[in-house]
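Engineer: Taking UniProt numbering as reference, the numbering of the sequence shown is continuous, increasing by one, and the terminal residue is 585. So that we are looking at the same thing, I have put the structure below in structure tokens.
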Amino acid sequence: MRWFNNLKMSWQFITGFMVITVFAFVVGAIGILNMAKMQSQDEHMYRQALVLEYAGSAAVNFQQYSYDALKLTTMTSQIDIKNALLQMSQYRIGSNDSLKSLKSIDSSDIVLRIDQSWQDYQSKMDVVTELINAGDLDSAKSDISNGVYMTGTNLRNDYNDLLKQAADQIQSRYDVNKSQSASAEYVTIAVLLAGIAVSLTLGVIISRAIARPLTKMAQVAEQLSCGNISIDGTMTSKELELRSRTNEVGRLFNAFLRLIDGTKLQVEALRVVADGNLTREITVRSGEDVLNRSLHALTLKLKELIISIADAAEQVTADAAVVSDFSSALSQGVSEQANTVEQLTAALSEVASQTHLNEQYAQDVNALAQKARVNAERGNGHMREMLKAMDDIDDSAGKIKKISKVIDDLAFQTNILALNAAVEAARAGQHGKGFAVVADEVRSLANRSAKAVQDTSGLIENALVKVETGIKIANETADYLNQILSQVGDVAGIVDSISSYTREQKQSIAQINQGIRQVSHVVQDNAATSENSASASIELSQQAALLKDLVSFFKVHDAPEPPEDGEEATPEDVLLISPRQHSST
1 MRWFNNLKMS WQFITGFMVI TVFAFVVGAI GILNMAKMQS QDEHMYRQAL VLEYAGSAAV
61 NFQQYSYDAL KLTTMTSQID IKNALLQMSQ YRIGSNDSLK SLKSIDSSDI VLRIDQSWQD
121 YQSKMDVVTE LINAGDLDSA KSDISNGVYM TGTNLRNDYN DLLKQAADQI QSRYDVNKSQ
181 SASAEYVTIA VLLAGIAVSL TLGVIISRAI ARPLTKMAQV AEQLSCGNIS IDGTMTSKEL
241 ELRSRTNEVG RLFNAFLRLI DGTKLQVEAL RVVADGNLTR EITVRSGEDV LNRSLHALTL
301 KLKELIISIA DAAEQVTADA AVVSDFSSAL SQGVSEQANT VEQLTAALSE VASQTHLNEQ
361 YAQDVNALAQ KARVNAERGN GHMREMLKAM DDIDDSAGKI KKISKVIDDL AFQTNILALN
421 AAVEAARAGQ HGKGFAVVAD EVRSLANRSA KAVQDTSGLI ENALVKVETG IKIANETADY
481 LNQILSQVGD VAGIVDSISS YTREQKQSIA QINQGIRQVS HVVQDNAATS ENSASASIEL
541 SQQAALLKDL VSFFKVHDAP EPPEDGEEAT PEDVLLISPR QHSST
């Protein structure tokens, strides 16, 4: 099976599927042929079943027809005879229809003989029917008992032979179909079993040709992921034979072996670097060898880092003394800053005290302004009430003026009535003297009422003028009060703003004071830090010396630059450990 193992995986799968397809085609062809045979046999059986059905129907109708014909020989009533003849006519029609259908599907000799016998039987029965209709019952009975009966017996025997022949043919076809079905079933099962066996065999072969190598390579990949690079030493000779395959499995296996060799080279290079030797060259096999290029770059960077650390240690040692001197100078400057901060703190405390007093004064002024505003609002309210009262007085005076006018009109009418009464009294003569005296008194009262009304109107007019003057003065006073109220509100707003600004100033001073205290703490911390820096600089100098000793563990040397992308590695770029060459046959 070496040739099959060397086939490409696609051709291996195609071969397996083609074999399965061939067996499926064979099974399908056998099934189709058997179905065609069974269809032909079923058609023949169907025709025989129709023959059996039509012959049976014709025989039953004939049997009923001949039975009714025999009954005619015993009947005496014309009505019974007429009914019997009518019933026989229906059986005759049914038998003719069945025979017609039978002849359409079967033209054998026995069918033709039955048809001829039936025609003779009908002819003889027609003669019998004519005799019966003519009233000659004795002759009719004689014909039925002799010629008609014999013809009917022969026809009945032919029907029995035809039915038996059809039943035998159906049974024969059934036996043949059963035998062919069993044979087809055995052949189909045999082909299916053979196909299953071949398919399973091909499946096992393909599985062994693909699954086993892939399983081994999966184990190799898992071991590589765990860091085990000595896997090739544990492989059996049969597993190593996978290198000789020319398909995808062989190429993949050889690629895994090359991967193991490359990983060994990389591990060896890393071990050398871990030992502190940075002069060892790293193999860069091609421009696409990203890992070895990265190792090469890592070696260069690590070497540069070690050199930089050594230089930095030298620089740290030199700078430690400078830091110590700066720390001493910083300590002296921090002491002077601490004194200045204390003075600034005292000055800010005094400013905070004055700001607090200003806030108290502003709050007192704001309270007085609020009281003045309340009093002005009250005065303005009383003034509005007074204006309303004056408006009411003005309305009442107008009403009184109208009433006075009405009274004046009444006095004028009364005076006219008094004059009319005096004239009437004069006309009356001696009898009207008393009435004249009353009229004079009424006129006198009317005149006095008119005079009083005029005086009252004058007083009301004067009062209205004074009320209007008072309303004008009250409106002006209300305007002044509104202006005072507005100004008091402005003063209160200004005082409130001053109070707010004072509070903000107080908070700002408190924040500044807090900041000064923090600066004081920072200055004190700086003083302590400067002292610690002096001692730390000494410790730093000692650590720099220790770092120089540690860096001396590494051996540094200029490593060659890696090849550019697409450029092949030169022999000088290769490690002493050469990759194993795998043959691919």
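Here a beta-carbon is modelled for each residue, glycine too, at the ideal position from N, C-alpha and C.
Is M150 helix, strand or coil by DSSP?
Structural biologist: helix
Engineer: Compute the distance between the beta-carbons of Q19 and S199, then report whether it is under 8 Å.
Structural biologist: Gln is not the amino acid found at residue 19; the sequence shown has Val there. Against a cut-off of 8 Å, the Cβ pair of S199 and V19 comes out as a contact.
Engineer: Can you find at least 3 beta carbon pairs, one from the segment 44-59 and one from the segment 162-175, that sit closer than 8 Å?
Structural biologist: yes
Engineer: Run the CB neighbour count on G152, radius 10 Å, all protein chains shown included, and call it buried at 16 or more, exposed below.
Structural biologist: buried
Engineer: Along the chain, where does the alpha helix (DSSP H) that runs through D136 open and close?
Structural biologist: Neither: D136 is in no alpha helix (DSSP H) and is coded neither H nor E.
Engineer: Among residues of its own chain, excluding the 5 on either side of S353, which ones have a beta-carbon nearer than 6 Å to its beta-carbon?
Structural biologist: none
Engineer: Looking at Q343 and S499, is the spacing between their C-beta atoms short of 8 Å?
Structural biologist: Going by C-beta atoms, S499 is not nearer than 8 Å to Q343.
Engineer: Whole angstroms is fine: what's the gap from residue 603's alpha carbon to D109's?
Structural biologist: There is simply no residue 603 to check, as the chain begins at 1 and stops at 585 in what is shown.
Engineer: In whole angstroms, what separates the C-alpha of D490 from that of I471?
Structural biologist: 28 Å
Engineer: Taking the straight line between their C-alpha atoms, what separation do you get for H44 and G147?
Structural biologist: 38 Å
Engineer: Beta carbon of S449, beta carbon of I407: below 8 Å?
Structural biologist: yes
Engineer: Among G429, E441 and G398, which residue has its Cα nearest to the Cα of L417?
Structural biologist: E441
Engineer: Give the C-beta separation of A69 and M150 to the nearest angstrom, bearing in mind that I take them to be a contact with Cβ-Cβ under 8 Å.
Structural biologist: About 13 Å separates the two Cβ atoms, so there is no contact after all.
Engineer: Throw me the rounded Cβ distance for the L546 and I309 pair, which I believe falls under 8 Å.
Structural biologist: Actually they are not in contact, since the Cβ atoms of L546 and I309 sit about 12 Å apart, beyond 8 Å.
Engineer: How is T355 classed by DSSP in three states: helix, strand or coil?
Structural biologist: In the structure shown, T355 sits in a helix (DSSP, three-state: H, G or I).
Engineer: Do the segment 78-86 and the segment 170-188 make contact, defined as three or more Cβ pairs closer than 8 Å?
Structural biologist: no
Engineer: Could you pull out every residue in the same chain whose Cβ sits closer than 7 Å to the Cβ of R47, ignoring the five residues on either side in sequence?
Structural biologist: I105
Engineer: Please determine if the segment 512-523 and the segment 389-396 are in contact, where contact requires at least 3 C-beta pairs separated by less than 8 Å.
Structural biologist: no
Engineer: If you measure between the beta carbons of M383 and T469, is that distance less than 8 Å?
Structural biologist: no
Engineer: Suppose you measure from the CA of Q483 to the CA of V374; what does that come to, to the nearest Å?
Structural biologist: For Q483 and V374, the gap between their C-alpha atoms comes out near 14 Å.
Engineer: What is the C-beta distance between A376 and T414, in whole angstroms, given that I count them as a contact (C-beta under 8 Å)?
Structural biologist: The pair is not a contact, with the Cβ atoms about 56 Å apart (cut-off 8 Å).
Engineer: If I'm right that I114 touches D168 with Cβ under 8 Å, what's the distance once you round it to whole angstroms?
Structural biologist: About 17 Å separates the two Cβ atoms, so there is no contact after all.
Engineer: Helix, strand or coil: which one does DSSP assign to T76?
Structural biologist: coil
Engineer: Can you list the beta strand (DSSP E) stretches of 3 or more residues lying completely in the segment 364-447, in chain order?
Structural biologist: none
Engineer: If the criterion is Cβ atoms closer than 8 Å, does the pair S457 and K401 meet it?
Structural biologist: yes
Engineer: In terms of alpha-carbon separation, which member of D319, L298, R173 and Q78 lies closest to E539?
Structural biologist: D319
Engineer: So, with DSSP's three-state summary, where would you put T469?
Structural biologist: helix
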